[in-house]
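A.B. asks: Chains as they are written, first to last, in the working numbering: chain X, 1 to 476; chain G, 10001 to 10216; chain E, 20001 to 21010. Even for Gly, the Cβ is constructed at its ideal location relative to N, Cα and C. Handing you a structure now.
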Amino acid sequence: MSTAQKTLEEVHELEGPPVLVGRPGDRALTESLLEPVLGRTRRGWLLLLLALGGGVTFWLISLGATFAIGIGAWGNNIPVAWAYDITNFVWWIGIGHAGTLISAILLLFQQKWRTSINRFAEAMTLFAVAMAGLYPIIHLGRPWLFWWLIPYPSTLQVWPNFKSALPWDVFAISTYATVSFLFWYLGLIPDLATARDAARDRARRVVYGIMAFGWRGSARHWQHYRIGYLLLAGLSTPLVVSVHTIVSFDFAISQLPGWHTTIFPPYFVAGAIFSGFAMVMTLMIPARRLLGYRQVVTERHLENMAKVMLATGLMVSYGYVMEHFIAWYSGNAFEQFAFLNRWEGRYRAIWLAQLFCNVVAPQVFWFRWARRSEVVLFVVSILINVGMWAERFVIIAVSLTRDFVPSSWANYAPTWVDWGLLFGSISMFGTLFLLFLRFLPAIPIFEVKELRRELEHGGPGVHDAGPGHAVEEVRS
Amino acid sequence: MSALFTPRANGIFKAVLVILVAGAGGTVAALMGYARVPYGTGQQEQIQQPVVFDHRHHVQDDLIDCRYCHTTVERAPSAGIPSTELCLNCHSQVWNKSPLLDLVRASWFSGQPIPWVRVHRLPAFVYFNHSAHVNKGVGCVECHGRVDRMAAIEQVAPLNMGWCLDCHRDPYPRLRPLEEITSMTWMPEGDRAQLGRELARKYDVKPRTSCYTCHR
Amino acid sequence: MPSLGLPIYGQQSGLDARRWRTLEEHDAGAPPASREFQPGADLAPEGLGRRSFLQLLGASAALGGLAACQVPREKLVPYVRPAAGVVPSVPGAYATAASDRGYAVGLVVTSWEGRPTKIEGNRDHPASLGGTDAIRQALVLDLYDPARLAGFRHDRRDLSWGAALAELGALARAHEKDQGARLRFLVEPTSSPTLADLRARILRRFPRARFDAWSAFGEGQAREGARVAFGRPLDAVHAVGAADVILSLESDFLAHDGDPLRHGREFAARREPANLNRLYVAEAGFTVTGGAADHRLRMRSADVLGFARAVAAELAGRHGLGALAPLGAPAAGPHAKAAAAVAADLARARGRSLVLAGAAQPAAVHALAAAMNDALGNGGKTVTYRESVVFDGAGGGVRSRLGALATELRDGAVDTLVVTAWNPLHTAPAELGLRESFPEVRSSIVLAYREDETVRAARFRLAQAHFLEAWGDLRARDGTATIVQPLVAPLVECTTEVDLLAAFAGVGQLGAYRIVRDGWRARAGFGPPPPPAAGREAAASPADTNRGVPRDPFELRWEEWLSAGLVREGAPAPATVALDAERVARAIAAVPAPAAGLEARVVPDARLLDGRHSENAWLREFPDPVTKLTWENAALLSPATARRLGIASGDEVELARGGRKVVGPALVVPGHADDSVTLPAGYGQRVQGAVGRVAGFDAYPLRPADDPPFAAGLEARPTGRRVLLAITQGHFTMEGRAIALAEDASRLGEAAHRLDELRGAQPTIHAPADYSKEEYRWGMAIDLSRCIGCGACTVACQAENNIPVVGKDQVLRSREMHWLRVDRYYEGSPEDPRSVSQPLACVHCEAAPCEYVCPVNATVHSDEGLNEMVYNRCVGTRYCSNNCPYKVRRFNYLDYRGTVAPSLKILQNPDVTVRARGVMEKCTYCTQRIERARISARNVGRKIGPDEAVPACAQACPAEAIVFGNLNDPASRVSRLHGDARRYDLLHELGTRPRTAYLVKVRNPNPELA
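Okay, here's the thing in structure tokens:
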């Protein structure tokens, strides 16, 4: 073990960490990567699930309160008619961006390092979008009428208003959810087949068998698979940009100071990828430790993701600067007041926290040691998640507290239901993720095997740590 | 080891997929259909009234004008449901022993109103005004149908918003001279839409489709 | 068309105030209204069904067309006998009057199938001129109050009215032997001729009995002042409109003193640049009148006399009004310069000036004001004096009113005390010891509308009828009488003051209707009443009276009186007066010099008056016109004083004076006088209902034992606790934005240029929609110069549009539902600012930001350019509110209707949808009134007349500051105002093109005080 580590250190100095540690054989890979799925339930996993279960209960109670009491159960008021609800919505949607980016765009750019983390990220994307998708419905005063946002010929002869951004939200989110799901599931099929074949008991074999859609790994299967996967990748690439662009329209088309900004689409997309990668990191680091994925999810992956976070973080910072510049340059008193209010107003603390988390914190990634330190990465990624939530709150709620006519100014204070919906949805998200780790192969086994073959023919960034070492890695 | 699935599995699997997809679409289609068929709109629903009142008899045999009982139809939003007193204007003389009218007489002496059952229901947020229509040449029969042929009143029109809008957008084929407003049988010779246009000019018919026309 | 003997009156909509019908069927025969309330009968075709249905709306609406199937069959309940004049689904309007400190305020009340729903002013009545105030409009809510008293109890025995009448009769007879020596009455001040007759009858029967009149904040000091000046207790009637220069000595004459509605109308007419008047207000608390002033001189109430004398001295010294010499006294104080300027201004406007004294000020100030008006030659021009037609007992201050009675009670010299005055145990100064002595009275009889402290202590309590259920009469200040006619048979078992006094006069069996009617027959010089039989017969066949062919000539006159709401007969002529300067001088000398120290001013609350409206939820949630505080009262003090005492807004403070303590929240009010604390009374009563209990503290303990109701010697210290005050406006400065504009008349010219940037066309990539071809282009104009900020419009809107009351907690969460709010902004230093009031509701933008963001087209534009909010389409995304720059949209965050008592549901206006939970709502320009006017006009093939479609706010506004009409009619008032030089658009730069235009407030400051 220690020797292995030393050799690794040396190599890292030379050419950066590998995308795959060692050359485990197919069998070894299958065993190691399926172990969390087919092996026995771990106690840590159970305890974590129970803990999150508490949060989920809180979430369900809060949802119940919202439906029973109405939006009045929240802290929203006039003028602050949107607050935690839409903040959470935009936050989750943003998080849901890493998946498709990694899977689709990096695939098209043939980034090797994506292979072992893409499914992980896609799963996270799905669950995040599921959480996000709830808010547009529950934030309605009369949620049972949500289907009026969908265009269909009704006996009322009334249609949705296509000038509004909200119906387009419906399209954007549902499309994104559908495509991400197909993409994720298509990728799963070969591994589900592997699980089916590796499973010992009949029950698992039947279940995985059905889910595997009768995959036999024949040449024709693989050919169809490749085409389909590539098509979906091509399909979802524009979505990465479009979804959050449309979400940003929810604010950009309004004329509220602080919302009324043309820079929102790029700024929101950058922010989305920023927070998405942060969330992947937040989940990956513990998973990698606990489930022994160290060997396939290496410092290389972490470092690259850190670089992406640094880049998108800088874009977001640029967004902040531009917002202020435009507010000043426009000479519009309302606009200027809105941004002064962020620095001087009652919610100053949240604004400063946002700046620290999103602008200051990521700067450590200029340093290699930080990019490679699990602890630093974990802490910073958490900070970024918090910071991005704060950003959305500042944009949405704080802008609303101070608009045009001073007599209508008022402040906002959340209720326990607001907190319940925030932390509850995080717990629900975590629960779904735990279930995913337990019952589905979180690392695309066949892609790793494929990668190894490529590497054997002298791909870059590979070195020989010796088979023995590989076995150890697997055992650890 | 034995095959996990028999060859039939493929067929079943595909069938399930088809059913799932078709089922989802079918449900939506069914709901949309339901909102359009008479059963869904409550048309042709037989309604038991407390007093067996036969419009056929009163309109056809006795040739009583609608406005004799529905007194406020020309000057109020509500057409007006006749008071017991009004019933007894005649029925204190004719059929004043008929058991069919026991409830009416009971109402008169006890002072308790006759609880008629509403047939034509509009949602609470719809402010329909009879006078506005009757004074512009929209006859009773256009919405209420051949009441003179109904033993018990039933709803003949769907009474949904689309149906209202159809007429508000193109009222001409449904207009008639004010003299014929309560006639159940009036039929012009020639193109009714053409006549409607002339009447619309004459009565200054300008149906609006702004929401506040009906919703307040 | 068949008429079926339906009445000739009342068939038109309630907006036509010239054609009311009478309701005398109520008393004789079977009243239609009472039949209305038989079981099930409240489901008239267009009536309650609409709302009970709406309760089911929620889910069923979701299913749109399918809804029908889930909803149970509604019943259609026709009349058994058609109620004369009641056309289901068509409201009628009836004239009546409510009492304001004993005087009549003429009203027109809208009634749906016998259900009164809306109170408006009677445009022909001298004390209303069509306007109303918040309080008068809110009275209709009391009618349906589920908590109102019902029935009659004597020593814990419930009685029928018959039995009660018998026991009252027996009680009365028992007093005959000693001529009523031990019989006393404590009544509200009232101008009712009928009650006057009854008092006379009673005193004939019981010569040694006595009537006292009591209300905590009466006009006793004013009449006393007149007695000092002219020798008899006269009422001053002020022609505010005729005065070019007005000096108010703490008189809140625009909101409270005298005939505020008439004053407001006349004053507003003089705030247009053409013929500006100038108003000086010397006051301690910030009042509505103070907000309208050109110069507001803040001083403690006790210092007002000194200032008045300084002005008098100036007038005598510099301007040759020698008569005032003995009354004046030069002042050194901070207001010396002001006094000189005011005096000069008054002197310049002899005969066209006016000095008013506030009701709270001592008689001497009123006398001095009378003397100044006399010297300035204003008598008969801007002020006339009339014999008071209000019975006010001994009049004068607390002691002369209640002193005698209190002593008699303490000595047990009273066996029977009949109380119709409102809750004297709560309002009378504690020194008089009523709380202790009243329960000892052997038979104490209290007539009251709600359970209160006095009712609790009474042996015999009688539930009082609401004035919309009762027959009676009242006079206006100028003597014009109004018959108070009921619109509905009593909803609970109750009686009236007339019936009660009649029982003691020995005519209890007649009933209020006959007593009032016969009284007027006599007053109008008609023969003796016909035998009762005939009378009953006459009324028993409504058809006859309604066809206007009554049997007896008096009937015709009676009909006219009732339908017009006016009786001009017997109005006394103005009195000729001669000033007795000597007595005035003596009275002034008798006033002790103002003591130093913190002054406590116990004042009638802007909403609850002396507390009698404490249980009225509309008024509780109605923001105080000045502080915007809802639901409760607070100790109001100036920023400087607050700093000195270490108090901040929301601090709970302990206030002590003369050994009495009260604890309540403090609220810092810019512009309040220093060293003075204003304490609105009426809150924190010992016996309260669900509404009153919400918040507030009792300020009466700090009231001095005798008038005036202010005195020094107050101690205030914070307790360290905090109170959350539900204030609807959090920010009182405009941040330098062009929101509510005010300009000095002298600088109006140059202001016009700046205004051009706030109106007119703007560059836009879209050609604006053109509505000039439409038949109607509805628009509104709000003249800030006329607006006095009283807030009557807010309550008018609430009553007309079924706007819910949300409660203090929801107001704290800033979720109040008022569609129309009156914003108030301060300019200048927080110590002595000037203020502007700005009514703000949906301005109906032609390019509305709310519309394009709504995903379901629930808010759209009409062909006439109105911004329509369609509740039944709304799914509640609330985006429209976020994007509304004026923040005038209101959202039903909770089901504000779920908890409403059934009796209150029938108060709602059937013409307006009751909004469900989760639905956005906002001002509709009272579209229901527009559509009603449109249909009745189009049915007879004509255009909508100029005054036919009037929104509730414009109708109620006493100052006519809100004007509504058709902008495509160049002759309409609103068109002219939109073209006015002072017109500007709110947030014009946003390009929303609002249909509501504002007119700059004009101030007319005195250059000498610049």
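1) Taking beta-carbon pairs under 9 Å, can you tell me which members of the segment 10003-10031 of chain G lie near chain E?
2) Going by DSSP, what residues sit across from E/Q20838 in a beta bridge?
3) Consider the Cβ of G/R10216: report whether some Cβ of chain X lies at a distance smaller than 9 Å.
4) Please identify, using Cβ separations under 7 Å, the residues of the segment 10053-10080 of chain G that lie next to chain E, in order along the chain.
5) Would you say the segment 20345-20359 of chain E touches the segment 20167-20186 of chain E, given that touching needs at least three Cβ pairs under 8 Å?
6) Give, in chain order, every unbroken run of the beta strand (DSSP E) that is at least 3 residues long and sits entirely within the segment 20663-20744 of chain E.
7) Could you say if the segment 20388-20398 of chain E and the segment 20185-20201 of chain E meet the contact criterion of at least three C-beta pairs nearer than 8 Å?
8) Any idea which residues DSSP pairs E/E20654 with across the strands?
9) What distance in whole Å lies between the Cβ atoms of E/S20881 and E/R20889, which are believed to be in contact at a cut-off of 8 Å?
10) Check E/E20024 in the structure and name its three-state DSSP category.
11) Pairs of beta-carbons, one from the segment 20279-20287 of chain E and one from the segment 20247-20265 of chain E, closer than 8 Å: are there three or more?
12) With which residues is E/V20187 paired in a DSSP beta bridge?
13) Can you find a CB in chain E that lies within less than 9 Å of the CB of X/N161?
14) If we define contact as Cβ-Cβ less than 9 Å, is G/Y10111 a contact residue for chain E?
15) Taking only the alpha-carbon atoms, compute the straight-line gap between G/K10206 and G/A10200 and give it to the nearest angstrom.
16) Nearest CA to the CA of E/T20719: which residue from E/G20736, E/P20708, E/Y20776, E/E20652?
17) Relative to the C-alpha of E/P20910, which candidate in E/H20753, E/E20266, E/N20801 has its C-alpha closest?
18) By the 10 Å Cβ neighbour count, where 16 or more other Cβ atoms means buried, how is E/G20468 classified, buried or exposed?
19) Leaving out five residues on either side along the sequence, give the residues of the same chain with a beta carbon under 7 Å from the beta carbon of E/T20641.
20) Under a CB-based cut-off of 9 Å, is X/I426 close to chain G?
21) Helix, strand or coil for E/A20044? Go by DSSP, reduced to three states.
22) CB-CB under 8 Å to E/A20742, same chain, minus the five flanking residues each way: which ones, in chain order?
23) So what does DSSP say about X/Y225, is it helix, strand or coil?
24) Using beta-carbon positions only, say whether E/L20755 and E/V20843 come within less than 9 Å of one another.
25) Take X/E299 as the anchor and find which of X/L145, X/F337, X/W369 has the nearest alpha-carbon.
26) Quick one: what does DSSP say E/R20296 is sitting in, helix, strand or coil?
27) If you measure between the beta carbons of E/V20912 and E/F20891, is that distance less than 9 Å?
28) X/A342 touches chain E at which residues, Cβ-Cβ below 9 Å?
29) So with CB distances below 9 Å, who are the chain G contacts of E/V21020?
30) Just the chain G side, please: which residues come within less than 8 Å of E/Y20079 by C-beta, in chain order?
31) Just list the alpha helix (DSSP H) runs in the segment 10145-10190 of chain G, keeping only unbroken ones of 4 residues or longer that don't cross its boundaries, in chain order.
32) So, is E/A20028 buried or exposed, given that buried needs 16 or more other C-beta atoms within 10 angstroms?
33) Report the rounded CA-to-CA distance for G/D10166 versus G/R10174, giving the unit in angstroms.
34) Is there a Cβ from chain E that is less than 9 Å from the Cβ of X/G70?
35) With DSSP run on the structure shown, which of helix, strand or coil describes E/M20780?
36) Taking buried to mean at least 16 other C-beta atoms within 10 Å of its own C-beta, is E/L20305 buried or exposed?
C.D. replies: In brief:
1) L10031
2) DSSP lists E/D20823 as partners of E/Q20838.
3) no
4) R10067, Y10068, T10071, T10072, E10074, R10075, A10076, P10077, S10078, G10080
5) no
6) 20676-20680, 20710-20712, 20715-20722, 20742-20744
7) yes
8) E/V20663, E/R20717
9) That belief holds up - the Cβ atoms of E/R20889 and E/S20881 are roughly 4 Å apart, short of 8 Å.
10) Because E/E20024 carries a pLDDT of 34, less than 50, the predicted location of this residue cannot be relied on, and no value is offered for it.
11) yes
12) For E/V20187, which the question treats as bridged, DSSP gives the partners E/A20213.
13) yes
14) The question names Tyr, but residue 10111 of chain G in the sequence shown is Gly. It does: the Cβ of G/G10111 has a partner Cβ on chain E nearer than 9 Å.
15) A direct Cα-to-Cα measurement between G/K10206 and G/A10200 gives close to 8 Å.
16) E/E20652
17) E/N20801
18) For clarity, residue 20468 of chain E is Leu in the given sequence; the question names Gly instead. With at least 16 other beta carbons inside 10 angstroms of its own, E/L20468 counts as buried.
19) Once the five neighbours on either side are set aside, the close Cβ partners of E/T20641 are D20674, D20675.
20) no
21) Reliability of the predicted coordinates at E/A20044 is poor, the pLDDT of 34 falling under 50, and the value obtained from them is presented with this limitation in mind. Looking at E/A20044 - three-state DSSP - the assignment turns out to be coil, as it is neither helix nor strand.
22) L20784, E20827, R20834, V20836, V21000, K21001, V21002, R21003
23) helix
24) Not closer than 9 Å, so no.
25) X/W369
26) strand
27) no
28) Sequence check: residue 342 of chain X is Arg here, not Ala. Result: empty, since nearest Cβ-Cβ is about 16 Å, beyond 9 Å.
29) An answer regarding residue 21020 of chain E cannot be provided, because it is not within the stretch 20001 to 21010 covered by chain E.
30) Those within 8 Å of E/Y20079 in chain G are S10083, T10084, E10085, P10113.
31) Whole alpha helix (DSSP H) segments, 4+ residues: 10161-10169.
32) Bear in mind that a pLDDT of 34 at E/A20028, under 50, signals an unreliable position, so the number given afterwards is only what the model happens to contain. E/A20028 comes out buried.
33) 11 Å
34) yes
35) E/M20780: strand per DSSP, three-state reduction.
36) buried
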